[in-house]
Structure formats: C-alpha cells, structure tokens
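Student: Questions regarding the structure given below will be posed in turn.
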Amino acid sequence: MSTETSSEDENGTAKRQILTGHSSDVTFCDFSGSRLLVSSSNDKTVRVWKVAENGLFKECTEPPLVSPLVGHKYSVNCVRFSPFGTIIASCSTDGNVILWNVQNGDQVVKLQHPSNCVIRTCCFSPSSAILVSGGDDETLCLWDISTRSLICSLEGHEAMITACDFTPDSSYLISGSTAGDLRLWDSKLGNGKCLEIIAEAHDLGVLGTAFSPEYEVNVSNGPLQSFYLLASCGSDDLTKLWQVKIGVQTTVSLSHVLSGHTGNVNSCRFSNDGLLLATAAGDKLVILWDPHSGEMLYKLEGHSRYATCCVFSADNSLLATGSNDKTIIIWNLNNIDAAKISPAKRQENIDNCNNGENAAKTAIKCLGNNTSSVSQWKVEDVINWLDTLGMGQYSDLFRQSEIDGTELLHLSHDTLLTSMKIDALGHRNKIIRGLQALRNPLWQHIAVCGDETMAMPDELYCPITHEFMHDPVVASDGYSYERQAITEWFEKGNSSSPMTNEPLDNRTLVTNLTLKLLIKKYISP
Numbered sequence: 050m051s052t053e054t055s056s057e058d059e060n061g062t063a064k065r066q067i068l069t070g071h072s073s074d075v076t077f078c079d080f081s082g083s084r085l086l087v088s089s090s091n092d093k094t095v096r097v098w099k100v101a102e103n104g105l106f107k108e109c110t111e112p113p114l115v116s117p118l119v120g121h122k123y124s125v126n127c128v129r130f131s132p133f134g135t136i137i138a139s140c141s142t143d144g145n146v147i148l149w150n151v152q153n154g155d156q157v158v159k160l161q162h163p164s165n166c167v168i169r170t171c172c173f174s175p176s177s178a179i180l181v182s183g184g185d186d187e188t189l190c191l192w193d194i195s196t197r198s199l200i201c202s203l204e205g206h207e208a209m210i211t212a213c214d215f216t217p218d219s220s221y222l223i224s225g226s227t228a229g230d231l232r233l234w235d236s237k238l239g240n241g242k243c244l245e246i247i248a249e250a251h252d253l254g255v256l257g258t259a260f261s262p263e264y265e266v267n268v269s270n271g272p273l274q275s276f277y278l279l280a281s282c283g284s285d286d287l288t289k290l291w292q293v294k295i296g297v298q299t300t301v302s303l304s305h306v307l308s309g310h311t312g313n314v315n316s317c318r319f320s321n322d323g324l325l326l327a328t329a330a331g332d333k334l335v336i337l338w339d340p341h342s343g344e345m346l347y348k349l350e351g352h353s354r355y356a357t358c359c360v361f362s363a364d365n366s367l368l369a370t371g372s373n374d375k376t377i378i379i380w381n382l383n384n385i386d387a388a389k390i391s392p393a394k395r396q397e398n399i400d401n402c403n404n405g406e407n408a409a410k411t412a413i414k415c416l417g418n419n420t421s422s423v424s425q426w427k428v429e430d431v432i433n434w435l436d437t438l439g440m441g442q443y444s445d446l447f448r449q450s451e452i453d454g455t456e457l458l459h460l461s462h463d464t465l466l467t468s469m470k471i472d473a474l475g476h477r478n479k480i481i482r483g484l485q486a487l488r489n490p491l492w493q494h495i496a497v498c499g500d501e502t503m504a505m506p507d508e509l510y511c512p513i514t515h516e517f518m519h520d521p522v523v524a525s526d527g528y529s530y531e532r533q534a535i536t537e538w539f540e541k542g543n544s545s546s547p548m549t550n551e552p553l554d555n556r557t558l559v560t561n562l563t564l565k566l567l568i569k570k571y572i573s574p
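In our numbering, the protein residues as written are 50 to 574.
See the structure below:
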C-alpha cells in the first residue's frame with residue numbers, strides 16, 4: 050500500500066510518497082538503481098517496491114516476484130541489495146542471513162554465524178564478491194557470495210556489532226559496536242588484519258557507518274596512499290566525519306562533528322556522487338549535510354516517530370527514509386543542486402586530507418565505476434595524468450597521437466611498443482600499471498610509480514579479461530581464471546573452455562590457493 054502526497058517543506062523539498070504496508074517498525078531500506086526499493090521491519094518481513102507506470106512506488110505483488118518475502122522468524126534488522134541488483138541480503142534476530150533472488154523472490158541460501166547469534170547488520174562489498182555480517186557474538190563474518198561459504202571471521206570487538214561498510218574499492222571494511230568503538234579491517238583476500246581502532250568514536254555506542262563513494266589514490270613518487278571519507282553516527286546524538294589514510298601507515302583522523310539532532314542518530318548514508326550526507330535520528334528528523342564542509346543543508350520533517358534509516362537512489366533524485374511509525378517516506382530531492390555545494394571547501398578538504406602536500410595534483414580521483422569518467426577525458430587530461438606518473442617526457446607523443454580517455458583505456462604493452470615506440474620496458478610497465486589503477490580501483494594497492502617497480506608475472510592475469518586477478522579459480526580445463534570472469538562466461542550460456550574452445554566436463558571451480566598466495570605477495574605492502 051502507498052499514499053501519494055505532494056507537500057513541500059520550507060526548502061522546497063517535496064514528500065513525494067508515503068509507503069505503508071509494514072505492520073511494525075521499519076528497520077532498514079535500500080535502493081537498487083532508482084526504481085527498486087527494499088525495506089525490512091520488526092514485522093519479520095522484507096518488502097520490495099518498484100516504480101509503477103504512474104511514476105510512483107508500488108509493492109511488488111504479482112509473480113514472479115511477490116512481496117513480502119517471508120522467511121525470518123523474528124525481527125529483520127537490516128536488508129541490502131547486491132551492487133548488481135540480483136540478490137537481496139537480509140539479517141535477523143533469528144540468527145539467519147538470507148539471500149533472496151531478486152527475479153523471483155526465492156531463497157538462495159541461509160547463512161549463520163558459527164555461534165548462531167543474533168545478526169544486527171550486513172553489507173555487500175561494492176565488487177559484489179563478499180557479504181559481511183555482524184551481530185551479538187562480537188564477530189564479523191565474511192562470506193564468499195559465489196560459493197556461499199565462510200571466508201573468515203574477524204574478531205576484536207568486545208560488544209555487539211551494529212554497523213559495517215566497505216570502502217568503495219572493496220579493499221577495506223569498517224565496523225562499529227555498542228561499546229562505541231570503530232575498527233578498520235583489511236578485507237583484501239580475506240586477510241582480516243585490523244589496521245586501526247578508534248576506541249571512543251561515540252560515547253554511547255555506534256549505530257551507523259558509511260564510506261563516501263569518493264576516494265583518492267596518491268600516485269606521486271613514493272609509497273601509494275589511499276584516502277577515504279568515513280561517516281559514523283551513534284547514540285550520542287552526533288554524526289562524525291573521519292579522514293582515513295591508508296599507506297605504509299594507517300591513520301583515521303576526525304575532521305568534523307555534525308551536531309543538529311536531539312536524539313540517537315540511527316543511520317547515515319552518502320549520496321552516490323558523494324556530495325550529500327543524510328542522517329536519520331530519534332528526534333524524528335532527517336538531515337541533509339554537506340559532507341565536505343560539515344554544513345547542515347536541510348531538515349526533513351515528516352515522520353511521527355523515530356527515523357530509523359535512510360538511503361539515496363542511484364541518480365540521487367530521491368531519498369527514502371524509514372521509521373518506527375511503520376512507514377517509508379520517499380523525498381524528492383530534485384530541488385537540491387548538489388553539484389553547487391561548497392566546491393571550494395570540498396577542494397580544501399581534499400588538500401587537508403593529503404597533509405598539505407598538494408597531493409591532489411598527483412592523485413587519481415575515483416568515484417564508483419572509474420572507467421566511465423576516464424573515458425570522458427580530453428587529450429590534455431591524459432597529459433596531466435602522465436605527469437602524475439612521472440612520465441611527462443611522453444606528453445608530446447600522446448598529444449600527437451591524440452590519446453584521449455577512450456583511447457587511453459584501450460592502450461596495451463604492444464601498442465606502446467609498436468605504435469608509439471616507447472622502447473623502455475620500465476616506462477611501459479609504469480604506464481600500464483597506472484592505467485590498471487584507472488580501470489580497476491583494486492590496482493591502487495600495487496606499485497604504479499617510482500623506480501623500484503616490479504613487472505607482474507603473466508600467470509597473474511586472467512585470460513578472459515587480461516586484467517590482474519584477485520580471486521583465481523581453476524576450471525575443469527586446467528586453466529586459472531578470475532572467479533567473476535569465468536562465472537559470467539558460464540552465465541552467458543557458454544559451456545566450452547575460454548582457452549581451448551573444447552567442451553568442459555563440468556562447471557566446478559576450485560580456488561587456486563598457490564596462485565592466490567602469489568597474488569597476495571604482490572598486493573600486500
């Protein structure tokens with residue numbers, strides 16, 4: 050059920066629609082794209098909503114996907130779409146994490162912590178390869194989505210885990226607990242190393258965490274450094290913004306304290322362009338902030354009880370908020386011009402994050418799928434990028450060859466050698482590794498600059514994508530592939546070997562542990 054409204058607050062932000070259907074508190078909500086919404090509730094159900102022909106959200110009540118999704122025995126505490134929108138994950142007080150097929154609503158698998166504890170939170174990695182869950186056993190469990198198996202457990206918290214989120218490149222994980230601490234983990238290859246602990250992040254407990262989709266990779270001479278913006282909120286009525294720097298050393302420094310709520314801040318979420326931060330709190334308010342300046346922008350009033358959750362649509366035009374009043378409000382944000390929010394303060398914030406070393410000029414800036422932005426580069430943008438790699442001596446060559454962003458993404462070793470006549474192997478390697486960092490943010494963990502660079506062995510590259518592997522598996526043809534690549538090969542209906550074109554005996558995939566250890570050697574600092 051839903052009720053259409055068209056009221057506007059004093060800022061011109063419209064309440065587009067109120068969704069009703071849950072019979073108890075709404076605990077969490079999440080968007081897939083801008084036309085599909087999922088919500089969870091203490092009524093034990095997960096409900097799926099989609100945009101109907103009239104442009105309004107309507108609960109999916111017709112086959113093949115029939116909402117609500119029923120399978121939990123107690124309150125559902127959190128629900129998430131996978132990044133590709135094919136799976137819904139929900140976790141509950143009953144101790145189960147259920148994965149649902151978005152196409153038909155079928156249960157794919159039920160996962161449980163070894164302790165069978167209450168599960169409070171869950172989150173997919175942006176790569177869609179890993180699901181993390183946390184609960185009352187003070188432990189995080191990392192699950193391999195493709196095999197539906199436990200990768201590892203991360204221990205260290207001394208109270209129930211209430212929040213978690215991955216960095217936008219899937220490499221690191223933040224978690225928070227009712228003890229008020231935040232812990233930063235290395236999630237690459239299931240290493241599970243705790244990199245940093247903020248013991249007293251929120252006095253009365255952490256309730257929410259979120260990484261901005263924007264991040265920076267410093268590729269100036271010297272060790273690589275990655276910079277992230279983290280938001281956390283808690284029972285102290287505060288939202289805090291943290292600058293996270295990961296390199297040879299890891300530091301997490303407080304940059305802003307956002308005060309404006311008069312109740313527990315239950316949820317914090319960034320917009321998908323990183324220009325807005327939304328918070329939902331026990332004072333019934335939802336507040337929109339400029340995350341780069343810490344400035345409060347809008348207060349949204351509409352819920353009659355605690356606001357429990359919030360999430361932006363993919364195009365940032367909508368904000369969905371849930372509440373203990375059993376409703377979800379869809380807010381129309383089209384009247385907010387996020388692109389004009391504090392651009393000067395935003396750049397100042399980036400410079401400060403890089404410790405005043407003017408590293409913003411020598412950094413690769415990433416946002417979501419970085420390839421789409423690189424493809425829009427002009428020739429001079431490519432020249433500037435070359436300078437950041439210390440390869441400025443080839444500027445005239447790239448300019449004469451009219452290498453823009455699209456052409457850059459298609460460069461290879463052979464092209465650099467035969468067509469562009471770059472004879473120095475070390476220089477070609479440096480350019481290609483810098484290019485890989487643009488194509489795939491996970492490459493930021495591999496040296497791409499400086500004179501002491503290592504050439505990557507050919508066996509570390511997937512024969513399907515020709516990119517560096519992170520999760521190598523052996524197929525029945527005896528060849529190793531990136532798990533996601535060979536899985537997609539099968540999903541397209543192929544039953545033959547990508548290498549030999551001969552029929553495969555089966556589709557069994559076995560992790561190549563030897564190759565995985567070799568990859569770890571090249572990725573680990």
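Glycine is no exception: its CB is placed at the ideal position from the N, C-alpha and C atoms. Given the structure is predicted, the values throughout are model-derived calculations rather than measurements.
Which residues in the same chain as T502 place their Cβ atom closer than 8 Å to its Cβ, once the five residues preceding and following it in sequence are excluded?
Tutor: In this predicted model, T502 has a pLDDT of only 38, less than 50, meaning its place in the structure is not dependable; the value taken from the coordinates is given anyway. Correct list, in chain order: G475, N478, K479, R482, A496.
Student: Taking three-plus beta-carbon pairs below 8 Å as touching, is the segment 128 to 143 in contact with the segment 104 to 111?
Tutor: Touching, no.
Student: Can you name the start and end residues of the beta strand (DSSP E) that E245 belongs to?
Tutor: Taken as a continuous stretch (DSSP letters only), the beta strand (DSSP E) holding E245 covers 242 to 247.
Student: Can you find the residues in the same chain that come closer than 6 Å, C-beta to C-beta, to S164, ignoring five residues on each side of it along the sequence?
Tutor: D186, listed in sequence order.
Student: Is S444 helix, strand or coil by DSSP?
Tutor: In this structure, S444 counts as helix in the three-state DSSP scheme.
Student: How is H305 classed by DSSP in three states: helix, strand or coil?
Tutor: It is a strand residue.
Student: List the whole-angstrom C-beta distance separating M345 from G309, where the pair is believed to meet the contact cut-off of C-beta under 8 Å.
Tutor: At roughly 5 Å, the Cβ-Cβ gap stays under 8 Å, so M345 and G309 are in contact.
Student: Nearest-angstrom Cα distance between S236 and I194?
Tutor: Their Cα atoms are separated by approximately 14 Å.
Student: From the DSSP output, in three-state form, read off L458 for me.
Tutor: Looking at L458 - three-state DSSP - the assignment turns out to be helix.
Student: Which residue's Cα is closest to the Cα of S116: R96, S90, R532?
Tutor: Minimum Cα distance to S116 is reached at R96.
Student: In angstroms with no decimal places, state the Cα-to-Cα distance between A138 and V146.
Tutor: Rounded to whole angstroms, A138 to V146 spans 7 Å at the Cα level.
Student: Between which residues of its own chain and V157 is the CB-CB distance below 6 Å, once the five residues before and five after are set aside?
Tutor: Taken in chain order, the residues that qualify are L148, N150.
Student: In or out: D286 buried (at least 16 other Cβ within 10 Å) or exposed?
Tutor: Buried, because 16 or more other Cβ atoms sit within 10 Å of the Cβ of D286.
Student: Could you compute how far the alpha carbon of D364 sits from the alpha carbon of D218?
Tutor: So the alpha carbons of these two residues sit roughly 20 Å apart.
Student: Note down the Cα distance separating L466 from T216, rounded to an integer number of angstroms.
Tutor: So the alpha carbons of these two residues sit roughly 36 Å apart.
Student: Looking at the secondary structure, which residues open and close the alpha helix (DSSP H) in which T370 lies?
Tutor: Note, T370: premise wrong, no alpha helix (DSSP H); beta strand (DSSP E) at 367 to 372.
Student: What beta strand (DSSP E) runs, 3 residues minimum, are completely inside the segment 104 to 186?
Tutor: Entirely contained in the segment 104 to 186, the beta strand (DSSP E) runs reaching 3 residues are, in chain order, 106 to 108, 125 to 130, 136 to 141, 146 to 150, 156 to 160, 168 to 173, 179 to 184.
Student: State the Cα-Cα distance for the pair L68 and E537, rounded to the nearest angstrom.
Tutor: Cα to Cα, L68 sits roughly 36 Å from E537.
Student: How many angstroms separate the CA atom of K64 from the CA atom of F80?
Tutor: Whole-angstrom Cα-Cα distance: 17 Å.
Student: Are C127 and R84 close, meaning C-beta to C-beta below 8 Å?
Tutor: Going by C-beta atoms, C127 is not nearer than 8 Å to R84.
Student: Check the Cβ-Cβ distances between G323 and every residue of chain B, and say whether any is below 8 Å.
Tutor: In the structure shown, chain B cannot be found, because there is only a single protein chain.
Student: Identify which residue in P340, S362, F361, L334 has its Cα closest to the Cα of S33.
Tutor: Past the edges of the chain, shown from 50 to 574, lies residue 33, and the structure says nothing about it.
Student: Taking 6 Å as the limit between beta carbons, can you name the residues of its chain near G241, skipping five residues before and five after?
Tutor: Counting only Cβ-Cβ distances below 6 Å, and skipping sequence neighbours, we find C201, L203.
Student: Kindly indicate which three-state DSSP category G225 falls into: helix, strand or coil?
Tutor: Of the three classes helix, strand and coil, the one that applies to G225 here is strand, per DSSP.
Student: DSSP state of Q449, grouped into three classes?
Tutor: In this structure, Q449 counts as helix in the three-state DSSP scheme.
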